[in-house]
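Chemist: The listed protein sequences correspond, in order, to chains A and B. Just so we're aligned: the first sequence equals residues 1 to 258 in the numbering used here. Just so we're aligned: the second sequence equals residues 1001 to 1276 in the numbering used here. Ideal Cβ positions, reconstructed from N, Cα and C, are used throughout, including at glycine. A quick note: this is a predicted structure, and the numbers were derived from the prediction, not measured. Below are the structure tokens for one structure; questions will follow.
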Amino acid sequence: MTVSEIVVDHVAKVFATARKRTVALNQTDLTIAADETVCIVGPSGCGKTTLLNLIAGFISPTEGTIRVGGREVTRPGADRAVVFQADAVFPWLSVANNVAYGMRVQGMGATERRARVEHYLELVGLADFRTAFPKELSGGMRKRVDLARAYASGPGVLLLDEPFGALDLFTKEAMWLALAGVVAAEPKTIVFVTHDIEEALFLGDRVVVMTPRPARVHSIVEVPFGPDRDLDLKASPEFQSLRTAIAHTLREVHDDAA
Amino acid sequence: MTQLETPAPTGHVPSPEESPAFRAAPRRGAGPLLSILSIVALLVVWWVLTTGTGTIRQLYFPSPESLGVAMTTLNAQLLADAGATLARVLVSWVGGSALGVVVGLGMARSRWFYSVVNPVIEALRPVPPVALIPFVILWFGIGDDGKIFLGALACFMVMVVNTTVACGNVPPVYVQAAESLGAKRGQVYRTVVLPAIVPEILSGFRIGSALAFAVIVAAEFQGADVGIGRLIMSASRTLNTPVVLLGTVVIAVMAVLLDVAISRLSAYITRWSARR
Chain A
1 MTVSEIVVDH
11 VAKVFATARK
21 RTVALNQTDL
31 TIAADETVCI
41 VGPSGCGKTT
51 LLNLIAGFIS
61 PTEGTIRVGG
71 REVTRPGADR
81 AVVFQADAVF
91 PWLSVANNVA
101 YGMRVQGMGA
111 TERRARVEHY
121 LELVGLADFR
131 TAFPKELSGG
141 MRKRVDLARA
151 YASGPGVLLL
161 DEPFGALDLF
171 TKEAMWLALA
181 GVVAAEPKTI
191 VFVTHDIEEA
201 LFLGDRVVVM
211 TPRPARVHSI
221 VEVPFGPDRD
231 LDLKASPEFQ
241 SLRTAIAHTL
251 REVHDDAA
Chain B
1001 MTQLETPAPT
1011 GHVPSPEESP
1021 AFRAAPRRGA
1031 GPLLSILSIV
1041 ALLVVWWVLT
1051 TGTGTIRQLY
1061 FPSPESLGVA
1071 MTTLNAQLLA
1081 DAGATLARVL
1091 VSWVGGSALG
1101 VVVGLGMARS
1111 RWFYSVVNPV
1121 IEALRPVPPV
1131 ALIPFVILWF
1141 GIGDDGKIFL
1151 GALACFMVMV
1161 VNTTVACGNV
1171 PPVYVQAAES
1181 LGAKRGQVYR
1191 TVVLPAIVPE
1201 ILSGFRIGSA
1211 LAFAVIVAAE
1221 FQGADVGIGR
1231 LIMSASRTLN
1241 TPVVLLGTVV
1251 IAVMAVLLDV
1261 AISRLSAYIT
1271 RWSARR
């Protein structure tokens, strides 16, 4: 196993156009331990997606450095798979070929590839749909394909950018359990960006609360629940009091900014 | 599935089956029968107006029988003309479209290439290919080459624009996903950009095939040793209207068959697309 600790070191991002400079992310420090799930919550415009894109290597920091597993991030790479909110499953490939995609471009042999495709399809519960095209699947099923594809490509880090934001509540909760199941079977370092506080508390080991204008980390909440979580957890007093506390924080910072 | 039904971008008239809003109309199974009836009715009206009542004189619009007579008397000549036109269309269409796709891909991939090529293409694109016929006859004579050149030029222009636009329409999220799964730049191009633009490329092919017919027949009007355009032109000089009409019908039949073949093939190739 590769140890994939993420170190965000004095990172800031400024988008500069001829007219104006927009500070998308103020100087930020954050360390995410290997195989830890960190959820980042905050209102839109707080720079959480910017932070994720920086770790993914889609954009480069204006200041500071990001290291994943000790190596500095300069461009996107197979060690950091991303699951987006938008539907990013390739519609022209069958479910199985989507899951195989990362392994294929990385040059893995066909036999090993096939075995891994089966394994991950099994893990997300889509083994019966291996030959289907994505258009034949529901939105939740396509997200499972996306998740299996990301996992199968063998990254140390999984970056999720509001992956379940477009799903209805029931599908969303089913996806939480699916993700938790996959993570339990094969732990990874996970950064999960969301604006849903319950989602963050349900999935995260820690929850990072970010604030807009200035876009920065406000506070970090340790989530005290163990690894085996079920949906009843949402109703527990401890869960609800944490949820309320974070909601208050977000409301305060939001009012300050607005 | 709750996919939004978006009509195919170009060159495609949705039939009632494809647009749910109209589905109330003819009962299931009645559609093909009605279509056949409509054609038969048209033929009957045609016959009644020409041979039957003589309302329309033979010279202005020939009767169905005279078309049959023209076909049997021409026979081998008609086949040779139709074959020549079809061969020119196919060669120019395939060649011009292929070159157009390649140049379009190049323009989408390299800024440098785009800056060099785009102004030339933008300057030439508004020129209707038929306006070049006098020059083409001057350069190539009245054989195959000039006609193929013109047809290819028309298809080339359609496909260059079509391909660059299609490349620009590839959702960035596909490219980012591929990169984060380990694809290198060349691999992204081959495994994401190329398959993603296939539906738009195929609809460009359809437009191109119709355009190639139009341009090539027009060029044959202006001078050709063989071809449907030549057949029509020489018949019109002697007011042999049955042959003129026959030529038109032959073009229509060939164009429709080619179009049906392309759309069948592309429906199969893009069976993954949510648009279908």
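For K259/A, collect the residues of the same chain with a Cβ closer than 6 angstroms to its Cβ; drop the 5 residues on either side in sequence, then sort them by chain order.
Modeler: A query on residue 259/A cannot be resolved here, the shown segment of chain A reaching from 1 to 258 and no further.
Chemist: Based on the DSSP secondary-structure assignment, which residues constitute the bridge partners of L1053/B?
Modeler: Against the second sequence, residue 1053/B aligns to sequence position 53. Note on residue identity: the sequence assigns Thr, not Leu, to residue 1053/B. Its beta-bridge partners do not exist; DSSP assigns none.
Chemist: 7 angstroms is my cut-off, CB to CB: does K13/A come that close to chain B?
Modeler: For the purposes of this step, residue 13/A is taken as residue 13 along the first sequence, with counting starting at 1. With 7 angstroms as the cut-off, K13/A does not count as an interface residue toward chain B.
Chemist: Which residues does DSSP pair with I1197/B in a beta bridge?
Modeler: Locating residue 1197/B in the second sequence gives position 197, where the first residue counts as 1. For I1197/B, which the question treats as bridged, DSSP gives no partner whatsoever.
Chemist: Among G139/A, T50/A, D230/A and V217/A, which residue has its Cα nearest to the Cα of L203/A?
Modeler: Here residue 203/A corresponds to residue number 203 of the first sequence, with the count starting at 1. For L203/A, the nearest C-alpha among the options comes from D230/A.
Chemist: Determine the extent of the alpha helix (DSSP H) in which S1115/B is found, giving its start and end residues.
Modeler: As a position in the second sequence, residue 1115/B is number 115, starting the count at 1. S1115/B -> alpha helix (DSSP H) spans R1111 to L1124.
Chemist: Quick check: the Cα distance between L1194/B and E1179/B, rounded to an integer number of angstroms?
Modeler: Here residue 1194/B corresponds to residue number 194 of the second sequence, with the count starting at 1. Here residue 1179/B corresponds to residue number 179 of the second sequence, with the count starting at 1. One Cα belongs to L1194/B, the other to E1179/B, and the distance between them is close to 15 angstroms.
Chemist: Would you check whether the ligand MG has a heavy atom nearer than 6 angstroms to the C-beta of V11/A?
Modeler: This structure does not include the ligand MG; it has no bound ligands of any sort.
Chemist: By how many angstroms is the C-alpha of E1200/B removed from the C-alpha of P1128/B?
Modeler: Your numbering for residue 1128/B matches position 128 in the second sequence. Your numbering for residue 1200/B matches position 200 in the second sequence. Whole-angstrom Cα-Cα distance: 23 angstroms.
Chemist: Identify the contact partners of P1195/B in chain A, using a Cβ-Cβ distance below 7 angstroms as the criterion.
Modeler: In the second sequence, counting from the first residue as 1, residue 1195/B sits at position 195. Within chain A, the residues near P1195/B are W92.
Chemist: Does any C-beta atom of chain A lie closer than 7 angstroms to the C-beta of L1150/B?
Modeler: For this step, residue 1150/B is matched to residue 150 along the second sequence. Not closer than 7 angstroms to any Cβ of chain A, the Cβ of L1150/B fails to qualify, so no.
Chemist: Using the Cα positions of P76/A and I6/A, report the straight-line distance between them to the nearest angstrom.
Modeler: In the first sequence, the residue the question calls residue 76/A occupies position 76. In the first sequence, the residue the question calls residue 6/A occupies position 6. Distance between the alpha carbons of P76/A and I6/A: 14 angstroms.
Chemist: Between L51/A and I59/A, which are expected to be in contact by the criterion C-beta below 8 angstroms, what is the C-beta distance as a whole number of angstroms?
Modeler: On the first sequence, position 51 is the one that residue 51/A refers to. On the first sequence, position 59 is the one that residue 59/A refers to. Not really, about 10 angstroms apart at Cβ, beyond 8 angstroms.
Chemist: Let's see if you can read the secondary structure: which residues bound the alpha helix (DSSP H) around H10/A?
Modeler: Locating residue 10/A in the first sequence gives position 10, counting from the first residue. Looking at the DSSP string, H10/A is not in any alpha helix (DSSP H); the run it does join, the beta strand (DSSP E), is I6 to A16.
Chemist: Strictly under 7 angstroms for the Cβ-Cβ distance: is G1168/B near chain A by that measure?
Modeler: In the second sequence, the residue the question calls residue 1168/B occupies position 168. No, G1168/B does not count as interfacial toward chain A.
Chemist: Which chain B residues are close to Y101/A, counting only those with a beta carbon under 7 angstroms from its beta carbon?
Modeler: In the first sequence, counting from the first residue as 1, residue 101/A sits at position 101. Chain B residues near Y101/A: L1181.
Chemist: Does the distance from the CB of V105/A to the CB of L159/A come in under 7 angstroms?
Modeler: Against the first sequence, residue 105/A aligns to sequence position 105. Against the first sequence, residue 159/A aligns to sequence position 159. Not in contact: V105/A and L159/A (Cβ atoms no closer than 7 angstroms).
Chemist: Look up A81/A in the DSSP assignment and say whether it is helix, strand or coil.
Modeler: Taking the first residue of the first sequence as 1, we reach residue 81/A at position 81. Reduced to three states, the DSSP call for A81/A is strand.
Chemist: How about A215/A and G69/A: are their beta carbons less than 7 angstroms apart?
Modeler: As a position in the first sequence, residue 215/A is number 215, starting the count at 1. As a position in the first sequence, residue 69/A is number 69, starting the count at 1. Going by C-beta atoms, A215/A is not nearer than 7 angstroms to G69/A.
Chemist: 7 angstroms is my cut-off, CB to CB: does V1173/B come that close to chain A?
Modeler: As a working note, residue 1173/B is residue 173 in the second sequence. V1173/B counts as touching chain A.
Chemist: Can you give me the start and stop residues for the beta strand (DSSP E) that Q27/A sits inside?
Modeler: Working through the first sequence from its first residue, we reach residue 27/A at position 27. Counting along the chain, the beta strand (DSSP E) containing Q27/A begins and ends at R21 to I32.
Chemist: What number of angstroms, rounded off, separates the C-alpha of A88/A from the C-alpha of T65/A?
Modeler: Here residue 88/A refers to the residue found at position 88 of the first sequence. Here residue 65/A refers to the residue found at position 65 of the first sequence. One C-alpha to the other measures close to 28 angstroms.
Chemist: Whole angstroms are fine: how far does the CA of A148/A sit from the CA of Y120/A?
Modeler: What you label residue 120/A is simply residue 120 of the first sequence in a count that begins at 1. What you label residue 148/A is simply residue 148 of the first sequence in a count that begins at 1. Approximately 6 angstroms, taken between the alpha carbons.
Chemist: Name the residue from T1053/B, E1065/B and A1082/B whose alpha carbon lies nearest to the alpha carbon of I1251/B.
Modeler: Counting from one through the second sequence, the residue named residue 1251/B turns up at place 251. I1251/B has its Cα closest to that of A1082/B, out of T1053/B, E1065/B and A1082/B.
Chemist: Could you check if P134/A is buried or exposed, using at least 16 other CB atoms within 10 Å of its CB as the buried criterion?
Modeler: Stepping through the first sequence from its first residue, residue 134/A is reached at position 134. Burial of P134/A is indicated by the presence of at least 16 other C-beta atoms within 10 angstroms of its C-beta.
Chemist: With 7 angstroms as the threshold, decide whether the Cβ of A1177/B is near any Cβ in chain A.
Modeler: As a first step, residue 1177/B must be located in the second sequence, where it is residue number 177. Yes, A1177/B lies at the interface with chain A (some Cβ there is under 7 angstroms from its Cβ).
Chemist: Can the beta-carbon of A1108/B be found closer than 7 angstroms to that of T1053/B?
Modeler: Position 108 of the second sequence holds residue 1108/B. Position 53 of the second sequence holds residue 1053/B. Judged by beta-carbon spacing, T1053/B lies beyond the 7 angstroms limit of A1108/B, meaning their Cβ atoms are not closer than that value.
Chemist: Could you spell out the range, first to last residue, of the alpha helix (DSSP H) harbouring L1245/B?
Modeler: Position 245 of the second sequence holds residue 1245/B. T1241 to I1269 is the span of the alpha helix (DSSP H), which, as asked, contains L1245/B.
Chemist: Count the other CB atoms, across all protein chains shown, that sit within 10 Å of the CB of T1002/B; report buried if there are 16 or more and exposed otherwise.
Modeler: As a first step, residue 1002/B must be located in the second sequence, where it is residue number 2. Low per-residue confidence applies at T1002/B: pLDDT is 40, beneath 50, and the placement is therefore not dependable, though the value from the model is reported in the following sentence. T1002/B should be labelled exposed.
Chemist: Return the residue from the list G1223/B, S1115/B, S1035/B and R1088/B that minimises the CA-CA distance to F1135/B.
Modeler: Taking the second sequence and counting its residues from 1, one reaches residue 1135/B at position 135. Closest option to F1135/B, Cα to Cα, is G1223/B.
Chemist: If we define contact as Cβ-Cβ less than 7 angstroms, is Q1187/B a contact residue for chain A?
Modeler: Locating residue 1187/B in the second sequence gives position 187, counting from the first residue. True, the Cβ-Cβ gap to chain A drops below 7 angstroms.
Chemist: Between V1253/B and V1116/B, what straight-line distance do the alpha-carbon atoms span, to the nearest angstrom?
Modeler: Translated into the one-based positions of the second sequence, residue 1253/B becomes position 253. Translated into the one-based positions of the second sequence, residue 1116/B becomes position 116. Using only the alpha carbons, I get a separation of about 41 angstroms.
Chemist: Classify V1217/B: buried if its beta carbon has 16 or more other beta carbons within 10 angstroms, exposed otherwise.
Modeler: Counting from one through the second sequence, the residue named residue 1217/B turns up at place 217. Buried is the call here.
Chemist: Check whether the stretch 1148-1167 of chain B and the stretch 1085-1104 of chain B are in contact - that is, three or more C-beta pairs closer than 8 angstroms.
Modeler: yes
Chemist: What residues of chain B sit near F58/A, judged by a beta carbon separation below 9 angstroms?
Modeler: For the purposes of this step, residue 58/A is identified with residue 58 of the first sequence, where counting begins at 1. At a beta-carbon threshold of 9 angstroms, the residues of chain B lying near F58/A are Q1176, E1179 and S1180, ordered along the chain.
Chemist: Taking one C-beta from the stretch 169-187 of chain A and one from the stretch 135-146 of chain A each time, how about it: are there three or more such pairs within less than 8 angstroms?
Modeler: yes
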